[in-house]
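Chains as they are written, first to last, in my numbering: chain D, 224 to 480; chain U, 3 to 269.
(1) What does residue 287 of chain D pair with, by DSSP beta-bridge criteria?
(2) Note down, one range per segment and in chain order, each alpha helix (DSSP H) of at least 4 residues found wholly within the region 24-91 of chain U.
(3) Does the beta carbon of residue 135 of chain U sit closer than 7 Å to a beta carbon anywhere in chain D?
(4) Just checking, does the region 109-121 of chain U make contact with the region 207-216 of chain U on the three C-beta pairs under 8 Å criterion?
(5) By the 10 Å Cβ neighbour count, where 16 or more other Cβ atoms means buried, how is residue 480 of chain D classified, buried or exposed?
(6) What are the residues in the region 107-137 of chain U lying within 7 Å of chain D by C-beta distance?
(7) Are residue 268 of chain D and residue 315 of chain D close, meaning C-beta to C-beta below 7 Å?
(8) Looking only at DSSP bridge pairs, what is residue 426 of chain D linked to?
(9) Quick one: which residues of the region 396-408 of chain D get their C-beta closer than 7 Å to a C-beta of chain U? List them in chain order.
(10) Starting from residue 501 of chain D, trace the alpha helix (DSSP H) both ways and give me its first and last residue.
(11) Here's a check: name, in chain order, each residue in its chain whose Cβ is nearer than 8 Å to the Cβ of residue 252 of chain D, leaving out the five neighbours to either side.
(12) Buried or exposed for residue 60 of chain U, going by 16 or more other Cβ atoms inside 10 Å?
(13) Along chain U, in chain order, which residues have C-beta atoms closer than 8 Å to that of residue 294 of chain D?
(14) According to DSSP, is residue 419 of chain D part of a helix, a strand, or is it coil?
(15) What runs of the beta strand (DSSP E), each 3 residues or longer, lie entirely inside the region 298-366 of chain D?
(16) Going by C-alpha distance, which of U:231, U:193 and U:189 is nearest residue 207 of chain U?
(17) If the cut-off is 8 Å on Cβ atoms, which residues from the region 372-383 of chain D count as contacting chain U, listed in chain order?
(18) Does residue 220 of chain U come out as helix, strand or coil in the three-state DSSP assignment?
(19) Are there three or more Cβ pairs, one per stretch, closer than 8 Å when the region 399-414 of chain D is compared with the region 332-347 of chain D?
(20) Would you say residue 54 of chain U faces chain D, with C-beta separation under 7 Å as the test?
(21) Taking residue 240 of chain U as part of the beta strand (DSSP E), name the residues at either end of that continuous run.
(22) Taking C-alpha atoms, which residue in U:250, U:187, U:126 and U:62 lies nearest to residue 81 of chain U?
(23) Smallest Cα separation from residue 67 of chain U: which of U:131, U:16, U:142 and U:160?
(24) Express the C-alpha separation of residue 220 of chain U and residue 138 of chain U in angstroms, rounding to a whole number.
(25) Quick test of your reading: residue 260 of chain U and residue 200 of chain U, contact by CB under 8 Å. State the CB separation rounded to the nearest angstrom.
(26) Return yes when the Cβ of residue 134 of chain U is within less than 7 Å of the Cβ of residue 116 of chain U, no when it is not.
(27) List the endpoints of the continuous beta strand (DSSP E) containing residue 370 of chain D.
(28) Decide if the region 32-47 of chain U is in contact with the region 180-199 of chain U; the criterion is three or more beta carbon pairs, one per stretch, under 8 Å apart.
(29) Tell me, which residues are paired with residue 394 of chain D by DSSP?
(30) Can you tell me the Cα-Cα spacing of residue 62 of chain U and residue 459 of chain D, whole angstroms?
(31) Assuming residue 399 of chain D contacts residue 369 of chain D (C-beta within less than 8 Å), just tell me the rounded distance between them.
(32) For residue 442 of chain D, is the classification buried or exposed, using 16 other Cβ atoms within 10 angstroms of its Cβ as the cut-off for buried?
(33) Can you find a C-beta in chain D that's less than 7 Å from the C-beta of residue 218 of chain U?
(34) Do the region 118-135 of chain U and the region 39-54 of chain U make contact, defined as three or more Cβ pairs closer than 8 Å?
(35) Show which residues of chain U have a CB atom less than 7 Å away from the CB atom of residue 392 of chain D.
(36) According to DSSP, is residue 444 of chain D part of a helix, a strand, or is it coil?
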C-alpha cells in the first residue's frame with residue numbers, strides 16, 4: 224500500500240515535470256486557462272473528482288487535470304516537502320491547516336463539501352446489524368479506521384457521543400481498506416463515509432445512524448502559493464465550487480457545506 | 003591468505019566506483035533515519051507501552067512463524083534436494099513464489115482462502131469456530147507464508163552441497179531412512195539450517211503487506227512493529243522514525259551475528 228502511494232506521487236511529480244516544459248510563463252501572465260494542472264485530493268474524492276476533471280477538460284480545451292489521490296495527511300506532507308501541486312482538496316481541516324499554517328496556500332481555504340459516517344454491512348446484512356450499538360458487541364466482527372486517520376477520528380467522536388465503547392477487531396489504515404473487509408464479508412460491519420458506501424455500488428449496504436451528526440467532516444479546498452499553473456488552478460477550484468461541481472459531488476453522496 | 007590480499011589490492015577502479023556508489027545507495031537512507039531521529043524524546047518514545055506491545059508481538063509472532071517454517075520447510079527442502087519427484091523445477095518455482103510476490107498479494111490470497119467466506123476458511127469457521135483474520139494466529143500465518151521460502155532455499159542449498167556418501171554409508175550399515183536423516187543428514191547441514199532460520203526470522207519480523215491485509219491491525223493482537231511504523235507515519239512522524247530505528251537495529255544485530263555464515267548456506 225505505501226509503495227502504491229509513493230509510485231502515484233512519483234507519477235504525479237513526473238507528469239508535472241514533463242508538463243512544466245510545455246507550460247510557458249506567458250500562459251500564466253496572460254491569465255489564460257490552459258495547460259496542465261495538478262490536483263492533490265483526498266482518496267474519498269477519487270470518483271467525483273475524476274468525473275469533475277473530465278468535465279473541466281472538456282469545457283476548457285488545452286487543459287489537462289492530473290490527480291494525486293491519497294490520504295489527506297500523506298498529501299499534506301508531500302506538499303510540505305515541496306511536491307509541485309496546484310490545488311489541494313483535503314478530507315480534514317487539520318491537514319489543510321497544516322499546509323495553510325506553513326503559508327503554502329494562496330488565499331483562504333474554502334469548505335466545499337461535508338461528509339458523514341455510515342455503517343457499511345455486507346450485502347443483505349447477514350449479521351443483522353441494526354445500529355451503532357452492535358459495534359460494542361465483542362461477539363461481532365467489526366472494522367474501524369485507526370484513530371490516526373480522519374475516518375477513525377470521526378468514528379471516535381460518534382462513539383463518544385453515543386456513550387458506547389466500540390469493540391473493533393481491526394483498525395484499518397484507511398477508509399477504503401475498512402470497506403474492502405466488508406465487501407469480502409470478513410467483517411459484519413464497518414464505519415465508513417456515506418460516499419464510500421455509494422461508491423461501492425450495490426456491493427455493500429449502508430445504514431444511516433443519528434450519531435453521525437456529531438462527526439461531520441468538512442472538506443476544504445485551496446490553490447497553492449507555489450502553484451506552477453495558478454490561473455488554471457483557480458479555474459478548476461471555481462469549477463468545483465460551481466453549481467455543476469456541487470451537483471456531481473452531491474450525486475456521490477456529499478452534503479453541501 | 004597472501005594471494006587473497008594481493009588479489010584484493012588489484013581491484014579495478016571500474017568496479018570499485020560503482021561498488022562504492024551501490025554501498026552508499028543502500029546505506030545512506032538508513033543513515034538518514036539516524037540523523038532525523040528525535041534524540042531528545044527518544045527514551046520516552048521507546049518506553050511507551052505501544053512500542054513495547056508492538057515489539058513484543060513482533061518478536062513472538064516472528065518466532066512462532068519461524069518454528070512453523072522449520073517444521074514444514076526442512077522436509078520440503080529435503081524433498082526438493084533429494085526427492086525423486088517429477089517436475090521438480092516447477093515445484094521449486096512454486097515454493098519460491100512468495101519471495102518475489104508482493105506481500106500484499108499474498109495477504110489477499112490468504113484472506114480469500116482462509117477468510118470466513120473462503121473455500122477453507124468457511125469450514126474452519128462452521129466446524130471449529132476458528133476465524134483466522136484479525137487474530138495473532140493470522141499474523142503468524144501471514145509471516146510464515148512470506149518467510150518460509152528463505153528457509154527452504156537456504157536448507158536446500160546446504161543439502162545440495164552436502165556429500166551424499168555419508169548417507170549412503172549409513173544406509174549400507176543398516177540405518178533406516180529416518181535414522182539416517184536425523185543422525186547423518188541433519189548434523190551435516192546444521193549451519194545451513196541455522197542460517198536459513200535466522201534469515202526466515204528476520205524476514206518474518208519485517209513482514210508488513212501480507213500481515214495488514216490478512217490479519218488487520220489491532221494493538222496487542224495484530225499490530226506488529228512494521229504496522230505500527232506505517233500508522234504512526236500518518237499522525238506522528240517522530241514516533242515512526244523511532245519505531246523504524248528499533249526495527250533497523252534488531253535487523254542489523256541479527257544479520258551481523260550471522261556474519262558470512264548465511265552466504266555459505268545459500269551458495
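Positions of the beta carbon are idealized from the N, C-alpha and C atoms, including for glycine.
So, from the listed chains and residues:
(1) Taking the first residue of the first chain as position 1, residue 287 of chain D is located at position 64. In the DSSP output, where bridge partners are listed per residue, residue 287 of chain D has D:259.
(2) 44-48 and 51-84
(3) Stepping through the second chain from its first residue, residue 135 of chain U is reached at position 133. By this cut-off, residue 135 of chain U is an interface position.
(4) yes
(5) Residue mapping note: residue 480 of chain D aligns to position 257 of the first chain, counting from 1. That one is exposed.
(6) 113, 117, 118, 119, 135 and 136
(7) Within the first chain, numbered from 1, the residue matching residue 268 of chain D stands at position 45. Within the first chain, numbered from 1, the residue matching residue 315 of chain D stands at position 92. Against a cut-off of 7 Å, the Cβ pair of residue 315 of chain D and residue 268 of chain D comes out as no contact.
(8) One-based indexing of the first chain puts residue 426 of chain D at position 203. Beta-bridge pairing links residue 426 of chain D to no other residue.
(9) 396, 407 and 408
(10) There is no way to answer for residue 501 of chain D, as the model of chain D reaches only from 224 to 480.
(11) Here residue 252 of chain D refers to the residue found at position 29 of the first chain. Note on residue 252 of chain D: pLDDT 41, under 50, position unreliable in the model; the coordinate value appears next. Around residue 252 of chain D: no qualifying Cβ.
(12) Position 58 of the second chain, counted from the first residue, corresponds to residue 60 of chain U. Result: buried.
(13) For the purposes of this step, residue 294 of chain D is taken as residue 71 along the first chain, with counting starting at 1. What residue 294 of chain D touches in chain U: 236.
(14) For this step, residue 419 of chain D is matched to residue 196 along the first chain. Three-state DSSP puts residue 419 of chain D in a helix.
(15) 310-312, 328-338 and 340-345
(16) Residue mapping note: residue 207 of chain U aligns to position 205 of the second chain, counting from 1. Closest option to residue 207 of chain U, Cα to Cα, is U:231.
(17) 372
(18) What you label residue 220 of chain U is simply residue 218 of the second chain in a count that begins at 1. Of the three classes helix, strand and coil, the one that applies to residue 220 of chain U here is coil, per DSSP.
(19) yes
(20) Counted from its first residue, the second chain places residue 54 of chain U at position 52. Not an interface residue.
(21) Within the second chain, residue 240 of chain U is the residue found at index 238, counting from 1. Where residue 240 of chain U is concerned, there is no enclosing beta strand (DSSP E), although the alpha helix (DSSP H) it sits in stretches over 239-260.
(22) Looking up residue 81 of chain U in the second chain gives position 79. The shortest C-alpha separation from residue 81 of chain U is found at U:187.
(23) In the second chain, counting from the first residue as 1, residue 67 of chain U sits at position 65. When only C-alpha atoms are compared, the closest one is U:142.
(24) As a working note, residue 138 of chain U is residue 136 in the second chain. As a working note, residue 220 of chain U is residue 218 in the second chain. Cα to Cα, the separation comes out at about 9 Å.
(25) Residue numbering aside, residue 260 of chain U sits at position 258 when the second chain is read from its first letter. Residue numbering aside, residue 200 of chain U sits at position 198 when the second chain is read from its first letter. About 6 Å; that satisfies the 8 Å criterion.
(26) By 1-based counting over the second chain, the position of residue 116 of chain U is 114. By 1-based counting over the second chain, the position of residue 134 of chain U is 132. Contact flag set, yes.
(27) Taking the first residue of the first chain as position 1, residue 370 of chain D is located at position 147. First-last for residue 370 of chain D: undefined, no H or E at that position.
(28) no
(29) Counted from its first residue, the first chain places residue 394 of chain D at position 171. Note: residue 394 of chain D sits in a beta bridge opposite D:367.
(30) Numbered from its first residue, the second chain carries residue 62 of chain U at position 60. Numbered from its first residue, the first chain carries residue 459 of chain D at position 236. The alpha-carbon atoms of residue 62 of chain U and residue 459 of chain D are separated by roughly 52 Å.
(31) Looking up residue 399 of chain D in the first chain gives position 176. Looking up residue 369 of chain D in the first chain gives position 146. Not quite, the Cβ-Cβ distance comes to about 13 Å (not below 8 Å), so this is no contact.
(32) Residue mapping note: residue 442 of chain D aligns to position 219 of the first chain, counting from 1. Classification for residue 442 of chain D: buried.
(33) Counted from its first residue, the second chain places residue 218 of chain U at position 216. So yes, residue 218 of chain U belongs to the interface.
(34) no
(35) Taking the first residue of the first chain as 1, we reach residue 392 of chain D at position 169. Ordered by position in chain U, the residues that pass the 7 Å Cβ test against residue 392 of chain D are 136, 218 and 220.
(36) The residue labelled residue 444 of chain D in the question sits at position 221 within the first chain. Strand, per DSSP.
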